[in-house]
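In terms of my numbering, the sequence shown opens at residue 40 and continues consecutively.
No residue lacks a Cβ here, since even glycine has one placed at the ideal position from N, Cα and C.
Let me begin by presenting the structure, written as structure tokens, before commenting on it.
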Amino acid sequence: MAVPLTDQERRKQISVRGIAGLGDVAEVKSSFNRHLHFTLVKDRNVATPRDYYFALAHTVRDHLVGRWIRTQQYYYEKDPKRVYYLSLEFYMGRTLQNTMINLGLQTACDEAIYQLGLDIEELEEMEEDAGLGNGGLGRLAACFLDSMATLGLAAYGYGIRYEFGIFNQKIRNGWQLEEADDWLRYGNPWEKARPEYMLPVHFYGRVEKREGGGVDWVDTQVILAMPYDTPVPGYRNNTVNTMRLWSAKAPDDFKLHNFNVGDYIEAVLDRNLAENISRVLYPNDNFFEGKELRLKQEYFVVAATLQDIIRRFKSSKFGCRDPVRTSFDTFPKKVAIQLNDTHPALAIPELMRILVDVEKLDWEKAWDITCRTCSYTNHTVLPEALERWPVYMFEKLLPRHLLIIYDINQRHLDRIAALFPGDVDRLRRMSLIEEGDPKRINMAHLCVVGSHAVNGVAQIHTDIVKETCNFCYFSQTHPAGWIWPPGRLFDTCVVVGEHAAVAVALDDVTWGLSLIQVLCYHMAKLIIKLITSVGHVINNDPAVGNRLKLIYLENYRVSLAERVIPAADLSEQISTAGTEASGTGNMKFMLNGALTIGTMDGATVEMAQEAGEENLFIFGMRVSDVEEVDKKGYDAREFYERLPELKLAVDQIQNGFFNPEKPDLFKDLVDMLLNHDRFKVFADFESYVSCQDRVSLLFQVKNPRAWTQMVIRNIASSGKFSSDRTIRQYATEIWGVEPSDVTIPPPNEPPFKAQD
Ligand code: IMP
40 MAVPLTDQER RKQISVRGIA GLGDVAEVKS SFNRHLHFTL VKDRNVATPR
90 DYYFALAHTV RDHLVGRWIR TQQYYYEKDP KRVYYLSLEF YMGRTLQNTM
140 INLGLQTACD EAIYQLGLDI EELEEMEEDA GLGNGGLGRL AACFLDSMAT
190 LGLAAYGYGI RYEFGIFNQK IRNGWQLEEA DDWLRYGNPW EKARPEYMLP
240 VHFYGRVEKR EGGGVDWVDT QVILAMPYDT PVPGYRNNTV NTMRLWSAKA
290 PDDFKLHNFN VGDYIEAVLD RNLAENISRV LYPNDNFFEG KELRLKQEYF
340 VVAATLQDII RRFKSSKFGC RDPVRTSFDT FPKKVAIQLN DTHPALAIPE
390 LMRILVDVEK LDWEKAWDIT CRTCSYTNHT VLPEALERWP VYMFEKLLPR
440 HLLIIYDINQ RHLDRIAALF PGDVDRLRRM SLIEEGDPKR INMAHLCVVG
490 SHAVNGVAQI HTDIVKETCN FCYFSQTHPA GWIWPPGRLF DTCVVVGEHA
540 AVAVALDDVT WGLSLIQVLC YHMAKLIIKL ITSVGHVINN DPAVGNRLKL
590 IYLENYRVSL AERVIPAADL SEQISTAGTE ASGTGNMKFM LNGALTIGTM
640 DGATVEMAQE AGEENLFIFG MRVSDVEEVD KKGYDAREFY ERLPELKLAV
690 DQIQNGFFNP EKPDLFKDLV DMLLNHDRFK VFADFESYVS CQDRVSLLFQ
740 VKNPRAWTQM VIRNIASSGK FSSDRTIRQY ATEIWGVEPS DVTIPPPNEP
790 PFKAQD
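Next comes the structure, spelled out in structure tokens:
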């Protein structure tokens, strides 16, 4: 229960967070008590901290409702171009505190909860993270929703309401164990189910020629998509946008028409199979797993979302409802669809299917509309992460889309053949269809031909995408022309907190260690075991004592990042140059006061540009050095033999120094490092060690002000890494929309006033 604060602590809290109006505090208390009674059906004798959290969440939620409805009405009145951010992941974390801050309610809630004898931080800790993402890609989507609302864009996030998000990580005996993330167990006060807006999604079936031309997709199996809406408030601008997540529901007649030949109970139980589509997030970061259920998820979100987009277009002022313009001519002027990686790439053939098969537009017109509507963000060039779906899966699950992709490809190859006569190898390289056993569809190529803009997530990454993927060619043939946004496109999650004195080694299986997934889960888990084993030795070595501790932080997630990042002094960003698209932690650590030891990779390159390279600890190969090593051939053993410190470390890992009970436990790891290391980590070792010496020198013995000065220079030059800045750039360069400076008037909602 609440630990009462001393008067001094209260004064400090008030001086930091401001003083709430008495009316506001009274209103929060009264609303909180009302929700505890009527919504939670509890009294103070039996209420748990979770009940109090829900009572506060509902109190805060009440202040969103009027603004939410007003914002949506406003969009219908003004009819601005709508921006749709399609993503298989939205890594939102917790909602309560962010909402209080954005609505200007934090001080009033702090005071009200204190006056009720409760501890607001304890209540905030009861909230489950919405862990509907793996790492950077999902957190980017969450930050973008936040910034789009703050900039007043008429924007929507569309995704899947996974019943189970990213697994909870437990460490047992040094090994990772995964537990299911049953985040909805106690209910989610932030979502509103909208069963009345349920939409059908079709799978399987076959394609039938229509009399008089055209085709129909028939004999399909229908799954329903039920929307759940979550409000996305802007920062103190009365804007509340919508994140709409779809949940799979079996239709009432699911399998029951076979009743006479089957079993009623079996048929009802089989509804679970259909509803498995939205059951669980695939815990793959930068890795293509190629499972049919994942392909179903990708089509499910796209099919439901496009129906909703077209419904909204048709019912808006300047859409089809306008009798003068009953066509789709205005569609690209009214709708922007952003594809967060290739995961929602089926939006391209699905929009074509709707325009051609349903709306009866001719192909060329439909293709022009599709390209001008869609744009694509690439998140990696690592081959193991690229989505390449077997053609046979499409044949079975999405036969109409396969034909559409074949048609897109035919026209695409015709254009290339006309531009580069006789260049057969080029046709093979550029095709959307990869020959082989099995034949595969290259989803990145599909996105590139079906979009008017493509971007990477950092400048170096955009440059690498352009160079390595032969994508430059496309700009010559594309009907709508191309944008390669020239600047940085980063996400940044601003976190604040106190600076702790303890240094921790932060490892992260689902974020930072994503590259390791390519070496299979076995290797990822072995690395975690190695870290915990090394920690065990260091932490129990009397010679080391309290001078150094290695702590593996279990279950890294958004809410833990919000605590750890502000507490860090040094941020290690040690990917081999050219392999990390952007990174996100790098920027967050920088703006929260940590210095960076890192390679010239991803966004770290631009951090060095902004702050000055002398204000970061840069080490290791540049991309050009890596290319040189690749040309010569990388020999890990050469480094191992030449560098005694490296040899000692590798030998200790190999010989069971860190794991005497099972001395050969790490032999696969050492074998990988010595014989098959695609990331060439030994090539950066020497430079890393000497750079760490510079870090230690500055941190420990030199003028302590020098470290602080460097921190200040970093923080002061981190402004560009704001997702608000990024979204402004997307808005003008990709979507063709203007951030709005109009503040939607607040709803009539006594007695609250916005705080300053
Ligand atoms: P949607 O954007 O069509 O999903 O509708 C979202 C919300 O916008 C609705 O629940 C209404 O509050 C509002 N809305 C829908 N249609 C209109 C309209 O024609 N005029 C004003 N507001 C509307």
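Backbone secondary structure at residue i - three-state DSSP
i	result
aspartate 398	Note on identity: in this sequence residue 398 is glutamate, with aspartate being the wrong assignment. Note: glutamate 398 maps to coil in three-state DSSP.
glutamate 314	helix
methionine 265	strand
histidine 241	strand
proline 270	strand
lysine 706	helix
methionine 187	helix
arginine 121	strand
tyrosine 591	coil
asparagine 201	Here residue 201 is tyrosine; the residue named in the question, asparagine, does not match the sequence. Note: tyrosine 201 maps to coil in three-state DSSP.
isoleucine 754	helix
lysine 231	strand
aspartate 690	helix
valine 533	Here the model assigns valine 533 a pLDDT of 26, short of 50, so the residue's position is not dependable, and the following value carries that caveat. Correct three-state label for valine 533: coil.
glycine 574	helix
serine 762	helix
arginine 479	strand
valine 818	Any answer about residue 818 is impossible in this case: the structure gives the chain only from 40 up to 795.
isoleucine 657	strand
Distance between residue j and residue i (C-alpha atoms, nearest Å)
i	j	result
leucine 192	proline 784	16 Å
threonine 369	arginine 350	14 Å
glutamate 777	valine 504	28 Å
glycine 273	glycine 695	54 Å
leucine 589	leucine 569	12 Å
methionine 265	methionine 237	5 Å
glycine 475	isoleucine 443	20 Å
isoleucine 522	glutamine 768	Low local confidence applies: a pLDDT of 42 at isoleucine 522 is under 50, so the model's placement there is unreliable, and no value is given.
alanine 544	glycine 461	Confidence in alanine 544 is poor, its pLDDT being 34 and thus under 50, which makes the residue's placement unreliable; the coordinate value appears in the next sentence. C-alpha separation (whole angstroms): 56 Å.
proline 581	phenylalanine 697	16 Å
aspartate 710	serine 762	41 Å
tryptophan 229	leucine 79	15 Å
threonine 771	glycine 489	20 Å
isoleucine 766	methionine 187	7 Å
arginine 764	cysteine 182	11 Å
valine 257	proline 239	14 Å
Contact under 7 Å by Cβ, residue i with residue j
i	j	result
tyrosine 727	phenylalanine 678	no
glutamate 649	lysine 759	yes
methionine 432	leucine 592	no
phenylalanine 327	alanine 386	no
isoleucine 408	tyrosine 123	no
leucine 320	glycine 204	yes
threonine 416	valine 374	no
tyrosine 267	arginine 200	yes
valine 597	aspartate 185	no
phenylalanine 129	leucine 171	yes
leucine 421	asparagine 325	yes
Residue from the options whose Cα sits closest to the Cα of residue i
i	options	result
tyrosine 225	Val279, Tyr91, Asp476, Phe696	Tyr91
leucine 436	Ile455, Asp703, Val246, Asp292	Val246
alanine 647	Ala147, Arg767, Val689, Asn753	Asn753
glutamate 611	Lys117, Leu630, Gln208, Thr638	Thr638
threonine 344	Pro383, Gln154, Met629, Gly495	Pro383
alanine 287	Cys559, Phe339, Asp324	Phe339
asparagine 631	Ser756, Thr507, Cys730	Ser756
serine 366	Trp222, Gln336, Lys404	Lys404
aspartate 676	Asn654, Lys706, Pro702, Phe721	Checking the displayed sequence, the identity of residue 676 turns out to be arginine instead of aspartate. Checking every option, the nearest Cα to that of arginine 676 belongs to Phe721.
histidine 102	Ala600, Asp63, Lys686, Thr419	Asp63
glycine 401	Gly252, Val487, Arg427, Ile304	Sequence inspection shows aspartate at residue 401; the glycine mentioned does not correspond to that position. Comparing Cα-Cα distances from aspartate 401 to each of Gly252, Val487, Arg427, Ile304, the minimum goes to Gly252.
alanine 786	Asn448, Met391, Ile480, Thr278	The residue asked about is misnamed: residue 786 is proline in this sequence, not alanine. Checked all of Asn448, Met391, Ile480, Thr278; the closest Cα to proline 786 is Thr278.
arginine 439	Leu216, Leu61, His241	His241
Residue i CB to nearest heavy atom of ligand 2 below 6 Å
i	result
isoleucine 108	Ligand 2 is absent from the structure shown, which contains only ligand 1.
Cβ-Cβ separation, residue j to residue i (assumed contact under 8 Å), whole Å
i	j	result
glutamate 280	threonine 146	In the sequence on display, residue 280 carries asparagine and not glutamate. About 25 Å; that fails the 8 Å criterion.
glycine 622	threonine 643	7 Å
serine 414	alanine 483	Going by Cβ atoms, the distance from serine 414 to alanine 483 rounds to 14 Å, so no, they are not a contact pair.
phenylalanine 127	leucine 378	Looking at the sequence provided, one finds leucine at residue 127 rather than phenylalanine. Not confirmed; about 10 Å, so no contact.
threonine 615	valine 665	6 Å
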